[in-house]
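The next block holds one structure in the form of structure tokens; read it before the comments.
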DNA sequence: CTGAAAGCGCTTACAG
DNA sequence: CTGAAAGCGCTTACAG
């Protein structure tokens, strides 16, 4: 419960001196500082962040704003992994990061800049944003540093941490073909998601790499919906048997798992009669047999890099820019 | 960027009046209030929380402190589900909750009361705490409302949201027996976890319910470790074949999944040759075939109820107490 | 190297 | 019903 004043009195110095000592200013005599430190420690003194925020200009408060916690969205590992990544960055750095849930509704009611002012934030990480969310547009013209995880942010203060979806999807498609399955079926995500377009573009590059013509490939539009993927893949196989597409290249792991299930439910063997590949690298795949090949996006690393970039931007050590976190191909069996 | 002063000037009233109008005090003339509201809206005014925290006594700032985000812990769904629950409570309530990651190390460095003072918190939800964490002890003597999710908090300000582990485990054990498998093998969690003891006690009640003697039951100490569970269950079956324990009653879903895998790897059929049951209700089970019976703990609900209880305690509408969130038996196939 | 003083943006008795 | 003023706990020029 100690305030700076109590520390000052106990140390027999002024409040200003305590403040300077505690904040690591150099113009404090060493023994004065020592005494102040000791007393602060003893009293369990902690500066009130509210008071500090109110009086100080140069502050380094950051927060992560998480969208999509709303109750209709399925809980996935994304949030936990991002948090874990942020956390690993601040470990031992004597800093703390606040997290706030932001719904699309809330974004409509309160501008990001107002939010940051209200909570004294000097920079934010944004996770879970969807194309069309109000903040995406606002960030183009804001002057507070923003780092988007898995979402491209524009404007002079907009930075991003992304997977190179084009390269990654090209890679896994090539992997599929190398495994001897060149009659491809693309199990596609929803068009509203930017990643769908990027992965699609990577897919086409892989076709070109292998001299496969676009129109020899079937596309199942499954909108990242596992039930839809199950149905469409099942129907596809029932119709063509093993005579047409034999490789289901999926834009997400969950769709891949559904596709694999469809294959098995029809009495075929995954990775033998038909190959399936995913994208994301979710935990679930570790429990599915046979193992489905995928691209691990390394979300934890994204959290870490996002945090690191944000701090560097705030301190002026770096400029807002786009970082690509290296993905990893995980082979199937 | 507007401050209360600018609103006051624009409205032609004093700062005090603006403050009272915005905070819903009744002693403001209706048209004055209306004008102030309009102008505040127009200017995009938001009160600085820092200033408010500093000047006001009766504040209702709450936060969730999450332990176990440390990088060595596996990411699971727990955190995301709790957050989702909290979030569903505050939906539309015009409030926001801050989240902070707290490691055991940090707990050792900074007392909870100091933390709350530093961040102007009037109440906290604690999630992911382990037996032996420093804050558990401190809470016994603190005077700030604390709600523990899945951890029993003591002291006059300690509240808890729990599963009735004893009843739940008794229930699933009884379910197993009803399914015709009475030669039980308990796949046990680690002794350092309080839930292990409670589930064990529920297990024994079920034995008594069915007149089964304790020493006819084998216990595999697997410490909530899936690899250990896999090994021990496999060794057990290799040794006894189908001649002894036939029902692996597991204290967690992950151990149950491992047990099921061991069974299948030995060429047996899950839920036919041997039955397996879990505990938790994790998403993964929806993807494992055949479906393993389990107890769904409803973590989302726990988050919701925890938040609700905390707010009620802060407002004086309720006393710190223990809430049990109803679990649900999910049958296997 | 140190202290007195102003000020950050609010809330809240108090007076009228 | 409204306003002037004190105060919350800090930081930061400024003076010495």
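Protein chains in written order, with the numbering used here: chain F, 28 to 360; chain X, 28 to 360. Beta carbons: idealized from backbone N, C-alpha and C, even for Gly. No experiment lies behind these values; they were computed from the predicted model shown.
Is residue i close to chain F? Criterion is C-beta to C-beta, closer than 8 Å.
i             : result
residue 318/X : no
residue 67/X  : no
residue 111/X : yes
residue 141/X : yes
residue 335/X : no
residue 297/X : no
residue 123/X : yes
residue 308/X : no
residue 347/X : no
residue 145/X : yes
residue 28/X  : yes
residue 284/X : yes
residue 128/X : yes
residue 97/X  : yes
residue 374/X : Here chain X comprises residues numbered 28 to 360, so residue 374/X is not present and cannot be evaluated.
residue 114/X : yes
residue 156/X : no
residue 81/X  : yes
residue 311/X : yes
Determine the DSSP secondary structure at residue i, reduced to helix, strand or coil.
i             : result
residue 126/F : strand
residue 274/F : strand
residue 92/X  : strand
residue 373/F : Look at the range of chain F in this structure, 28 to 360, and you will see that residue 373/F is not part of it.
residue 292/X : helix
residue 206/X : coil
residue 342/X : coil
residue 268/X : coil
residue 350/X : strand
residue 45/X  : helix
residue 58/F  : helix
residue 68/F  : helix
residue 315/X : coil
residue 97/X  : coil
residue 53/F  : coil
residue 28/F  : coil
residue 73/X  : coil
residue 120/F : coil
residue 85/X  : coil
residue 137/F : coil
residue 40/F  : coil
residue 5/F   : Absent from the structure is residue 5/F, since the part of chain F shown begins at 28 and ends at 360.
residue 238/F : coil
Nearest chain X C-beta to residue i closer than 8 Å, yes or no?
i             : result
residue 190/F : no
residue 134/F : no
residue 181/F : no
residue 63/F  : no
residue 161/F : no
residue 210/F : no
residue 153/F : no
residue 314/F : yes
residue 78/F  : yes
residue 73/F  : yes
residue 106/F : yes
residue 138/F : yes
Across which residues does DSSP place residue i in a beta bridge pair?
i             : result
residue 320/F : 304/F
residue 215/F : 248/F
residue 297/F : 301/F
residue 357/F : 321/F
Self-check item: Every unbroken alpha helix (DSSP H) inside the stretch 146 to 200 of chain X [4 residues or more]
Solution: Within the stretch 146 to 200 of chain X, the complete alpha helix (DSSP H) segments of 4 residues or longer fall at 161 to 166, listed in chain order.
Self-check item: Stretch pair the stretch 282 to 292 of chain X + the stretch 304 to 322 of chain X: three plus CB contacts closer than 8 Å
Solution: Yes, since at least three Cβ pairs between the stretch 282 to 292 of chain X and the stretch 304 to 322 of chain X fall closer than 8 Å, the two stretches touch.
Self-check item: Segment contact flag, the stretch 170 to 189 of chain X with the stretch 229 to 238 of chain X, C-beta cutoff 8 Å, min 3 pairs
Solution: With a cut-off of 8 Å on Cβ pairs, the stretch 170 to 189 of chain X is not in contact with the stretch 229 to 238 of chain X, counting fewer than three such pairs.
Quiz item: Below 8 Å, can you find three or more Cβ-Cβ pairs linking the stretch 109 to 127 of chain X to the stretch 45 to 61 of chain F?
Solution: No, they do not touch.
Practice problem: Count the C-beta pairs between the stretch 195 to 214 of chain F and the stretch 318 to 327 of chain F that are closer than 8 Å, then say yes if the count reaches three, no if not. | Solution: Contact between the stretch 195 to 214 of chain F and the stretch 318 to 327 of chain F is established, with three or more Cβ pairs separated by less than 8 Å.
Exercise. Flag this pair as touching only if the stretch 286 to 301 of chain F and the stretch 246 to 266 of chain X have three or more C-beta atom pairs under 8 Å; answer yes or no.
Key: The stretch 286 to 301 of chain F is not in contact with the stretch 246 to 266 of chain X.
Quiz item: Would you say the stretch 175 to 188 of chain X touches the stretch 147 to 160 of chain X, given that touching needs at least three Cβ pairs under 8 Å?
Solution: Segment contact: the stretch 175 to 188 of chain X against the stretch 147 to 160 of chain X, three or more CB-CB distances shorter than 8 Å; contact assigned.
Self-check item: Contact between the stretch 69 to 76 of chain X and the stretch 107 to 115 of chain X (3+ Cβ pairs under 8 Å)
Solution: In the pairwise beta carbon analysis, the stretch 69 to 76 of chain X is classified as not touching the stretch 107 to 115 of chain X: fewer than three pairs are separated by under 8 Å.
Practice problem: Spell out a yes or no on whether the stretch 137 to 150 of chain F and the stretch 82 to 100 of chain F are touching, meaning 3 or more CB-CB pairs, one atom from each, closer than 8 Å. | Solution: Touching, yes, given that three or more Cβ pairs across the two stretches are closer than 8 Å.
Quiz item: How about the stretch 344 to 356 of chain X and the stretch 126 to 142 of chain X: do they share at least three Cβ pairs that are nearer than 8 Å?
Solution: Judged by Cβ distances under 8 Å, the stretch 344 to 356 of chain X makes no contact with the stretch 126 to 142 of chain X, as fewer than three pairs qualify.
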